[in-house]
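In my numbering, the protein residues as written are 7 to 319. Note that beta-carbon positions come from the ideal geometry of N, C-alpha and C, so glycine has one too. Heads up, the thing below is written out as structure tokens.
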Amino acid sequence: MNGNLAFVFGLPLAVVVFFFAFAAYERRAGVATGPGFFQRNGLAIGLYLVVAVGFWAFFIILLPQLAMVDMSFRPKLPPSQMGGPKDLYTLENYRYFLFGSTTSTEEWNWLHIKAFFLTIGASIAITLLNFAICYPLAFHMAQSATAARLRVLLLLLILPYWVNEILRAFAFRVLLSSGGIINQMLMGSGLTAEPVDFLGADVGLYAGLSYAYLLMMIFPLYNAIESLDKNQVEAARDLGAPWWHIHAFIVLPHAKPGIASGCTLVFMLTAGALAAPLVLGGPRTLWFTPSSMTASTRPSTGRRGRPMPSSCW
Numbered sequence: 007m008n009g010n011l012a013f014v015f016g017l018p019l020a021v022v023v024f025f026f027a028f029a030a031y032e033r034r035a036g037v038a039t040g041p042g043f044f045q046r047n048g049l050a051i052g053l054y055l056v057v058a059v060g061f062w063a064f065f066i067i068l069l070p071q072l073a074m075v076d077m078s079f080r081p082k083l084p085p086s087q088m089g090g091p092k093d094l095y096t097l098e099n100y101r102y103f104l105f106g107s108t109t110s111t112e113e114w115n116w117l118h119i120k121a122f123f124l125t126i127g128a129s130i131a132i133t134l135l136n137f138a139i140c141y142p143l144a145f146h147m148a149q150s151a152t153a154a155r156l157r158v159l160l161l162l163l164i165l166p167y168w169v170n171e172i173l174r175a176f177a178f179r180v181l182l183s184s185g186g187i188i189n190q191m192l193m194g195s196g197l198t199a200e201p202v203d204f205l206g207a208d209v210g211l212y213a214g215l216s217y218a219y220l221l222m223m224i225f226p227l228y229n230a231i232e233s234l235d236k237n238q239v240e241a242a243r244d245l246g247a248p249w250w251h252i253h254a255f256i257v258l259p260h261a262k263p264g265i266a267s268g269c270t271l272v273f274m275l276t277a278g279a280l281a282a283p284l285v286l287g288g289p290r291t292l293w294f295t296p297s298s299m300t301a302s303t304r305p306s307t308g309r310r311g312r313p314m315p316s317s318c319w
């Protein structure tokens, strides 16, 4: 157990020390120019920001993730046996993921593997969709909207997220189900003769996931684009640059930190989503998080397990 704690706490501290040492080296070598972090913000505010952000990043993000990585290499034991002689590092969990068995490697566990890669592919697609939706809105908020319109847009974006994520997922299910509002409108207008199976085609799942993490994309983009000097955009327009040239060579390069932050957040949250796949998944939907939960309840006899579709949960 002492070794586990040393790994969980020691690795983040080692990374922090490495980055501080690298920053000091860049400062001495002249690679980093301009005033330093504490010179820009002052000693008191700088220390507060370092401690607050470090505490949040370490205890809310890094520590749970490292604990999960550590647990993935250990057998599933009751709390009374954790740290005992049976609590050893093993590859049994990963062997079960690849082969569906802890004793046999004769056949690949294609169902779990397929669920994993489908989840990764769908998460990438949803991240790109979120970026395509949020970038125009973030650019408008940062560069074009008046102060009054900006306040209204921020209010309209934030208010729906006061509702719990599970309730928002159920709202999408009500909208997209066979007897839902959208199908009733389609059949009432004569566009379709029978209900469209949005949930079975995973349209509800992808729409719900895209909506669930819009704020994680739009606010990093807004913060990055808002710091862009508007005179650069105006100068490019005065010189005859087309709109796509302005975005491709001025706005997007400037907003790269916000794009990276937003895409990383949306991808991580989508790939690890649990509530939306359980509520909005169709009868044939395979999402890796519910599937891995099924695998974690496997018997210890090494019998082959199968992940259940999301809708079965």
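| query | result |
| --- | --- |
| Does DSSP put Lys58 in a helix, in a strand, or in coil? | Rather than Lys, the amino acid found at residue 58 in this sequence is Ala. The answer is helix: DSSP assigns Ala58 an H, G or I state. |
| Under 8 angstroms, with one C-beta from each stretch per pair, do the segment 271-278 and the segment 205-223 reach the 3-pair mark? | yes |
| Fully enclosed by the segment 223-258, which beta strand (DSSP E) runs are 3 residues long or longer? | none |
| How many Å lie between Pro30 and Ala58 at the Cα? | Reading off the sequence shown, one finds Ala at residue 30, where the question assumed Pro. If you take the alpha carbons of Ala30 and Ala58, they lie about 21 angstroms apart. |
| Tell me which residue opens and which closes the alpha helix (DSSP H) that Tyr95 is part of. | Neither: Tyr95 is in no alpha helix (DSSP H) and is coded neither H nor E. |
| Please classify Leu19: does DSSP put it in a helix, a strand, or coil? | helix |
| Starting from Arg157, trace the alpha helix (DSSP H) both ways and give me its first and last residue. | 153-164 |
| If you draw a straight line from the C-alpha of Phe26 to the C-alpha of Arg46, how long is it? | 17 angstroms |
| Quick one: what's got a C-beta closer than 8 angstroms to Ala199's C-beta in the same chain, skipping five residues either side? | Met193 |
| Using the beta-carbon count (16 or more within 10 Å), is Ile66 buried or exposed? | exposed |
| Tell me the residue span of the alpha helix (DSSP H) that contains Ala73. | 69-78 |
| Please state whether DSSP places Asn170 in a helix, a strand or coil. | coil |
| So which of Glu240, Leu234, Ala153 has the shortest CA-CA distance to Leu258? | Leu234 |
| Compute the Euclidean distance between the alpha carbons of Glu98 and Glu112, then round it to the nearest angstrom. | 15 angstroms |
| For chain B, check one thing: does any of its Cβ atoms lie closer than 9 angstroms to the Cβ of Arg174? | Reference to chain B is not applicable here, since this structure consists of a single protein chain. |
| Please list, in chain order, all residues of the same chain as Ala281 whose beta carbon is under 7 angstroms from its beta carbon, the five residues on each side excluded. | Glu171, Ile172, Ala175 |
| What separation, rounded to the nearest whole angstrom, lies between the Cα atoms of Phe24 and Phe61? | 17 angstroms |
| Distance check for Asp208 and Thr291, CA to CA, integer angstroms please. | 7 angstroms |
| How long is the line joining the alpha carbons of Glu240 and Arg155, rounded to whole angstroms? | 21 angstroms |
| With distances taken between CB atoms, is the gap from Phe103 to His118 smaller than 9 angstroms? | yes |
| Going by the beta-carbon positions, is the gap between Met223 and Ile130 smaller than 9 angstroms? | no |
| Following the continuous alpha helix (DSSP H) through Ser267, name the residue where it begins and the one where it ends. | 262-277 |
| Compute the Euclidean distance between the alpha carbons of Phe294 and Gly246, then round it to the nearest angstrom. | 49 angstroms |
| Could you check which residue in Ala177, Ile256, Pro142 has the C-alpha nearest to that of Lys236? | Ile256 |
| Helix or strand or just coil, what does DSSP make of Ser129? | helix |
| Classify Pro296: buried if its beta carbon has 16 or more other beta carbons within 10 angstroms, exposed otherwise. | buried |
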